[in-house]
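Structure, as structure tokens:
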Amino acid sequence: DPHSGIREIDFGLGKSNRDVYLLGWQRHDNITHISLDYCIEDGIPAWFKIRATNNVYLRGVGHSDFPIIVDRSPPEPGVVFDGDNHGVDIDFQSMPHICANWQNFHDLQSGISKYTWGVGTNPGNDDVVSFHDIPHTVLQLCSMNISLTHNTTYYSTVFAYNAGHKRLNVSVISNGVLYDATPPMTGELRDGLDPHTDMMYSSESSSVSANWDGYDDPESGIGKYDVSVYRRHADIDSTNATSTIELIHGVTSLTPDTNYINWHHFHLHHGDFVYVQLDAVNKADNPTTTQSDGFTIDMTNPIMHFLGDGVNTGVDLQYSVSILDTKIG
Ligand SMILES: [Ca+2]
Ligand SMILES: [Ca+2]
Ligand SMILES: [Ca+2]
Ligand SMILES: [Ca+2]
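Residue numbering for the sequence shown is 828 to 1156, as defined by our numbering.
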């Protein structure tokens, strides 16, 4: 007040910008700044209020634009996962970009005001994706424009900042994700159940079997086998040399320790050509696809049969299966 001069200043703290419920008006001499020892309870928004009185007893009242929230405790840490599927952590990936998702960061007193996220090749580092601000409403993010190195592990670090006066933070580091750019090594896939001989003919109209070995992935390991079965039907129209291939068993996922199938729900006919497709999928979700060279259903010539003798089906089938199970087991 350039005319009459400030005579005194009243200072208060409000729960809103219209009251002084936290700290009633306190009178101070005409000074330019005020130091005050008052303990504001954590988490209570406090509005600073100033009331100035000039020498002719005219009063002006002002308040801060935002409340101050005193919060002496950092946020509670949550969890940080690798990958773009919220709530799910992955340990291997073949996609060439890095994603992270996180949850359960809390601050009871002042709330979360923002996150920062960074990615590094060591826990806590940000040599791959530099730490940068993320709005507090965002809980999942990817960085696309980076180049990853095969067989390298990447770690995401998330800092959560509270909204208190000191913007205290807590950080959590993911357990990492290994980038595996290569699909599994191809093994050997054979028709039938004999691990030493590929089956060329079968007389079993209801059965399809196959066995395999040698599939491996040195970086991420085999995660599963996806198996499907196809048939080229015997009813080949002489005018249509290219008969269609038919999927007769859709993809079934098998555990990585599986090394054969022996399924009995088919309705095959004499002359059908059957083959098995095996997708060896590594833990980074990258497949190597192999097809067996197939076998032909032959119901006419018992000598060609691999599994037992078609004349004495009951007896020989059991005998064959027990032998084969021994070999497989
Ligand atoms: Ca707190
Ligand atoms: Ca992980
Ligand atoms: Ca690999
Ligand atoms: Ca074969």
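We treat Cβ as the ideally placed atom computed from N, Cα and C, and that holds for glycine.
Measure the Cβ-Cβ separation of residue i and residue j and say whether it is below 8 Å.
i, j, result
"A1037", "L1005", "no"
"Y1042", "T1115", "yes"
"P904", "V965", "no"
"N844", "H913", "no"
"I1049", "P1022", "no"
"I925", "Y981", "yes"
"T943", "F986", "yes"
"R994", "S940", "yes"
"S921", "D1007", "yes"
"G945", "F932", "no"
"L1105", "R1058", "no"
"Y865", "L840", "yes"
"G938", "A873", "no"
"Y1028", "F1122", "yes"
"A1061", "H1091", "no"
Could you tell me which of the options sits nearest to residue i, measuring between CA atoms?
i, options, result
"E868", "F875, N1113, Q936", "Q936"
"D1025", "S1032, D1040, S1033, Y982", "D1040"
"I836", "N972, L850, D864, G887", "G887"
"T880", "M922, P923, D846, G832", "G832"
"H968", "F908, M1027, G1003", "Going by the sequence as given, residue 968 is Leu instead of His. For the residues F908, M1027, G1003, the minimum Cα distance to L968 belongs to F908."
"Q930", "T984, V1101, N972", "T984"
"Y988", "W1090, P923, S900", "S900"
"S1030", "M1012, F1093, M1126", "M1126"
"D846", "P894, N882, H855", "P894"
"D916", "G1003, S1034, M1012", "G1003"
"N1113", "T859, P923, L1020", "P923"
"V1103", "I1088, K1110, A1111", "I1088"
"P1011", "T976, T1117, L1020, G1019", "T1117"
"T859", "S1034, G851, F838, L850", "F838"
"T852", "F875, D1018, H1076", "Residue identity check: residue 852 is Trp in the sequence provided, not Thr. The candidate whose alpha carbon is nearest that of W852 is F875."
Exposed or buried, which one is residue i when buried takes at least 16 other CB atoms within 10 Å?
i, result
"P962", "exposed"
"S1119", "buried"
"E1046", "buried"
"S1065", "At S1065 the pLDDT is 47, less than 50, meaning the model places this residue with poor confidence and gives no usable figure here."
"D934", "buried"
"S974", "exposed"
"Y848", "exposed"
"P950", "exposed"
"L1074", "exposed"
"N972", "exposed"
"S862", "exposed"
"D1099", "buried"
"D960", "exposed"
"V1078", "exposed"
"V1035", "buried"
Please report the straight-line C-alpha distance between residue i and residue j, rounded to a whole angstrom.
i, j, result
"H1132", "N978", "Only weak support exists for where H1132 lies, its pLDDT of 47 falling under 50; the value from the coordinates is given anyway. Whole-angstrom Cα-Cα distance: 46 Å."
"S1032", "I1124", "7 Å"
"D918", "I1000", "13 Å"
"V906", "V955", "21 Å"
"D898", "I877", "23 Å"
"V1101", "G1014", "20 Å"
"S970", "S1080", "31 Å"
"K842", "D856", "25 Å"
"H992", "V1108", "51 Å"
"R834", "D892", "24 Å"
"N928", "N952", "17 Å"
"G910", "R854", "58 Å"
"A1111", "P902", "34 Å"
"I896", "T1009", "52 Å"
"L1020", "T1085", "13 Å"
"L850", "T976", "59 Å"
"H1076", "D1018", "15 Å"
Give a yes or no on whether 8 Å exceeds the smallest Cβ distance from residue i to chain D.
i, result
"R994", "Chain labels in this structure do not include chain D; a single protein chain is all it has."
Just list the alpha helix (DSSP H) runs in the segment 1000-1033, keeping only unbroken ones of 4 residues or longer that don't cross its boundaries, in chain order. none
Within the segment 942-971, note down every full beta strand (DSSP E) run reaching 3 residues or more, in order along the chain. 956-962, 967-970
Those runs of the beta strand (DSSP E) which lie wholly inside the segment 1043-1123 and span at least 3 residues: For secondary structure counted as the beta strand (DSSP E) over 3 or more consecutive residues, the segment 1043-1123 holds these complete runs in sequence order: 1049-1059, 1072-1081, 1087-1090, 1100-1109, 1114-1118.
At which residue ranges does the segment 860-924 contain complete beta strand (DSSP E) runs of 3 or more residues, listed in the order of the chain? 872-881, 886-890, 906-909
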